[in-house]
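Worksheet for the structure shown next.
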Amino acid sequence: MVAITPDSPIGAVFGSHHKKRKLAEEGLGLATVGDLLRHFPRRYVAATELSEVATPVVGEQLTIVGEVRSCDSAAFFSGNRRQFRTTVRLRTDGPDFSVTLFSPYASMVERHEAEFRPGCRAVFTGKAKQFRGSWQLEQPHGFALDGPEAATLSKLMPVYPLTAKLYTWDIQKVVTAALDLVTGVPDVFTPELRERFEVLDVMQALRWIHAPDEWSQLGAAQKRFRFEEALVLQLVLARRRAAHRAQGARARVRRDDGLLASFDARLPFELTGGQREIGELVAAELGADHPMNRLLQGEVGSGKTLVALRAMLQVVDAGGQAALLAPTEVLAQQHHRSISAVLGDLAQGGMLGGDPHATQVVLLTGSMGKAARQEAMLRIVTGEAGIVIGTHALLEDRVEFADLGLVVVDEQHRFGVEQRAALTDKAGTPPHVLVMTATPIPRTVAMTVFGDLETSVLAELPSGRAPIQTNVVPLADQPAWLDRVWERVREEVGKGHQAYVVCPRISGDAQEEGETDQLDLDDDGKEVAPQRSLAAVEEVHAELSSGPLAGLRTAVLHGRMAPDDKDRTMRAFAAGEIDVLVSTTVIEVGVDVHNATTMVLLDADRFGVSQLHQLRGRVGRGGLPGLCLLVSHAEVGSAARERLEAVAATTDGFELSRVDLEQRREGDVLGATQSGFRSGLVTLRVLRDEKTIVRAREAAEALLSEDPALAQAPVLAAAVAEVERSAASAYLDKG
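Using the UniProt record's numbering, you'd call the opening residue of the sequence shown number 1 and step up by one each time.
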């Protein structure tokens, strides 16, 4: 047979099996032999042992090894045609399974009875189902482990990601053929690098990952491929960090007698240790001649905005402008109000009564009237406005800055890289960039998704933040508890406090879309549709105002309201003129009402862990104890209920971010704009492989310091260049 290379078409190993080849090409995207060899198994079944199937799940695709207890056949008629049914009963190291094989031919029945003799071991794949209390495999396919089909199997049978009508042993047979025939498989690791990092050569690793005879072989192969993937990604990110550092930027050196000094002198409280430490770091980076590119993450209420504001004031002192990009109009307006208020006369530049060092703070959003927009844009282009706060409206071509020195991006995961680039491109020289997020990010996610950013964490909460008590209200078990929920709201309002009631929908319209990151997952991490109609702002407000909360001052807030109405409602709530605000998740970030002590989240299981944590951070902000009630119909033991109980058990956002990542099966951990994250990682898992990722980052920095062009490892250099060119780079660039 002619030798093949990784670039050979996949048909070179499928031979005459044209249908199977087409399934592999179209269903799995395997076009070349190299694609096939990199199509790694998702798990392994020990062919020498009975499978452990502790708790089967209906609908789950299983591959099991069992001992044949019995094999019985019977004839029956389907219409006018005679058919045959063979039932094989298997003993596993768990429940017994029965497998039913159908055939129109008596000869096939004889073959089945000869193959599946009582006492022999057999392997079957199929979907688990229950029938009359017994477990079965639907649409089964399998063979005896002492028969001819088992001759090519390794002791640890690989179970591959599959497509319909293609079985795991179909893939294994062609992989085995490919491994026997392929030549010229490139290795990203030179012999020197293999010795340095203690990894297998690529051919040995491929043989052991597809056909291991023992777990130690599999472990060695997985170690190699996980480290390879981590190293290539970290090299891409390290090169991007180096390229960013190499860009020139205008230094914005801190002054001792300017706007920032005046602001600091008026602060009525002490900065936390974390705010001081990160503030000094940011000040030094702003004063350097290369652009700052930093991610600032911290809990809700940890004081990130104050760190950002002090950085903006330093840039204004140095003659530049700072732009704060917010994801929603509600948040942009909130930032504009709070920053203007905290600056006082320092925000009244050029006005009577303004401080000599004062600047102007301008808001620019898409819903502003034409005259207001033109006035704001004029103050931006002339440089009168030192601080500019806005939504996507800041990205429009017509918006020009006099001297944009700092870009602050709030809630980074809500913006794509193109949007951030559109703003930074408005600067004559590359601006400094400070990215903020209150969604806690596990360390290794930050290293892989935001790996081109330097990272700082504000872990310490300022004084005055009160503890938040979180309780699950399980309506599936205790439907009467809902009455107590509204009693608690009335009690808090009776003490002079305020409350939020958050719903996943605006109205009861079944077609309504896109109001929140609603999330409900089955045990496989797949989203499932709700069986009940979800709580909706308009209906809930009507019910509460005429029922349990009658007599209280209630109002609604949601994304479909006119911007002026939203702003008016938020101002009234902040002023204490509204007792209970019934809203969607528009209040998730940036809304800061110190008198709000209670939050009721209806259908709380429809929100993700990080979003629940963000939402409850809206209460307990004024030194008063907070109460968060997670109202849900989720059943005991369900993934949704476990998610809520995890949120109730801890207020540690970083611990919850790990729970979130595990629940989502490492899917969309940071929001819709990170949707490439899941498919972008092949062998790596950011929680499981934390040590590997940290080691790869250190290795990448060392390699580039020794050999910036990777000239001594050309195959590795080519792999890095390919990732930089490919779509995979797009999700890495979200930072």
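Where a beta carbon is used, it is the ideal one built from N, C-alpha and C, also for glycine.
Would you report the Cα separation of residue i and residue j, rounded to the nearest angstrom?
{"i": "E724", "j": "V501", "result": "45 Å"}
{"i": "D565", "j": "Q130", "result": "55 Å"}
{"i": "residue 797", "j": "L271", "result": "No answer is possible for residue 797: the residues shown for the chain start at 1 and end at 735."}
{"i": "T183", "j": "A242", "result": "36 Å"}
{"i": "A246", "j": "A332", "result": "33 Å"}
{"i": "T635", "j": "L475", "result": "Reading off the sequence, residue 635 comes out as Glu, not Thr. For E635 and L475, the distance between alpha carbons rounds to 9 Å."}
{"i": "L624", "j": "K426", "result": "43 Å"}
{"i": "D660", "j": "D289", "result": "39 Å"}
{"i": "F269", "j": "L193", "result": "54 Å"}
{"i": "G428", "j": "G319", "result": "14 Å"}
{"i": "D264", "j": "Q275", "result": "13 Å"}
{"i": "T444", "j": "E285", "result": "24 Å"}
{"i": "D477", "j": "G617", "result": "27 Å"}
{"i": "T651", "j": "R641", "result": "17 Å"}
{"i": "A438", "j": "G279", "result": "17 Å"}
{"i": "R571", "j": "L325", "result": "21 Å"}
{"i": "A24", "j": "H210", "result": "17 Å"}
{"i": "L281", "j": "H244", "result": "18 Å"}
{"i": "T87", "j": "D213", "result": "31 Å"}
{"i": "A550", "j": "V586", "result": "24 Å"}
Quick one: what's got a C-beta closer than 7 Å to residue i's C-beta in the same chain, skipping five residues either side?
{"i": "S8", "result": "T32, V33"}
{"i": "V472", "result": "L630, S632, L644, E645, A648"}
{"i": "A283", "result": "R254, Q314"}
{"i": "A205", "result": "A221, R224, F225"}
{"i": "L453", "result": "N293, R294, L295, V435, G735"}
{"i": "S70", "result": "R89, P118"}
{"i": "R240", "result": "D452"}
Evaluate residue i with the Cβ neighbour count: other Cβ atoms within 10 Å of its Cβ, from every protein chain shown; 16 or more gives buried, anything less gives exposed.
{"i": "R21", "result": "buried"}
{"i": "W208", "result": "buried"}
{"i": "R75", "result": "According to the sequence as given, residue 75 is Ala; it is not Arg. Per the 10 Å Cβ criterion, exposed."}
{"i": "W486", "result": "buried"}
{"i": "E49", "result": "exposed"}
{"i": "V13", "result": "buried"}
{"i": "R43", "result": "exposed"}
{"i": "W215", "result": "exposed"}
{"i": "S705", "result": "exposed"}
{"i": "residue 736", "result": "It is not possible to answer for residue 736, since the shown part of the chain is limited to 1 through 735."}
{"i": "D146", "result": "exposed"}
{"i": "R132", "result": "exposed"}
{"i": "F227", "result": "buried"}
{"i": "S726", "result": "exposed"}
{"i": "G219", "result": "exposed"}
{"i": "G248", "result": "exposed"}
{"i": "S533", "result": "exposed"}
{"i": "F77", "result": "exposed"}
What residues in its chain sit with their C-beta under 6 Å from that of residue i, if we drop five residues either side in the sequence?
{"i": "residue 739", "result": "No statement about residue 739 is possible, as the shown extent of the chain runs from 1 to 735 and does not include it."}
{"i": "H18", "result": "none"}
{"i": "P56", "result": "A128, W135"}
{"i": "V493", "result": "L552, D579"}
{"i": "D517", "result": "With a pLDDT of 38 at D517, under the threshold of 50, the predicted position of this residue should be treated as unreliable, though the coordinate-derived value follows. These residues qualify, in order along the chain: G608, Q611."}
{"i": "G514", "result": "Caution is warranted here: a pLDDT of 38 is assigned to G514, below 50, making its placement in the model unreliable, and the coordinate value is therefore given only provisionally. Cβ within range, chain order: n/a, list empty."}
Whose C-beta lies closer than 8 Å to the C-beta of residue i among residues of the same chain, with five residues either side of it excluded?
{"i": "T554", "result": "H541, L544, S545, I578, D579, V580, L581, V582"}
{"i": "P104", "result": "R81, R82, Q83, F84"}
{"i": "S262", "result": "L346, D355, H357"}
For residue i and residue j, which I take to be in contact (beta-carbon distance under 8 Å), what is that distance rounded to the nearest angstrom?
{"i": "G66", "j": "L28", "result": "Not a contact, Cβ separation roughly 27 Å."}
{"i": "E138", "j": "K127", "result": "4 Å"}
{"i": "P709", "j": "A717", "result": "Reading the sequence as shown, one finds Ala at residue 709 and not Pro. At roughly 7 Å, the Cβ-Cβ gap stays under 8 Å, so A709 and A717 are in contact."}
{"i": "V433", "j": "N293", "result": "5 Å"}
{"i": "V58", "j": "P118", "result": "Their Cβ separation, rounded to whole angstroms, is 28 Å, which puts V58 and P118 out of contact at 8 Å."}
{"i": "L364", "j": "V342", "result": "No, L364 and V342 are not in contact; Cβ-Cβ is about 20 Å, not under 8 Å."}
{"i": "Q498", "j": "V600", "result": "Incorrect: roughly 12 Å between the Cβ atoms, too far for contact."}
{"i": "G15", "j": "V53", "result": "Not really, about 35 Å apart at Cβ, beyond 8 Å."}
{"i": "V686", "j": "P327", "result": "Rounded, the Cβ-Cβ distance is 24 Å, inconsistent with contact."}
{"i": "G653", "j": "E229", "result": "Contact flag wrong, Cβ pair sits at about 28 Å."}
{"i": "F189", "j": "V199", "result": "6 Å"}
{"i": "A47", "j": "V123", "result": "7 Å"}
{"i": "I506", "j": "E538", "result": "7 Å"}
{"i": "E627", "j": "T598", "result": "This sequence places Leu at residue 627; Glu is not what is there. Right, their Cβ atoms sit about 5 Å apart."}
{"i": "V159", "j": "V330", "result": "Actually they are not in contact, since the Cβ atoms of V159 and V330 sit about 48 Å apart, beyond 8 Å."}
At least three beta-carbon pairs within less than 8 Å, the stretch 683-694 to the stretch 156-175: The answer is no - the stretch 156-175 does not touch the stretch 683-694, with fewer than three Cβ pairs under 8 Å.
Taking one C-beta from the stretch 357-374 and one from the stretch 299-309 each time, how about it: are there three or more such pairs within less than 8 Å? The answer is no - the stretch 299-309 does not touch the stretch 357-374, with fewer than three Cβ pairs under 8 Å.
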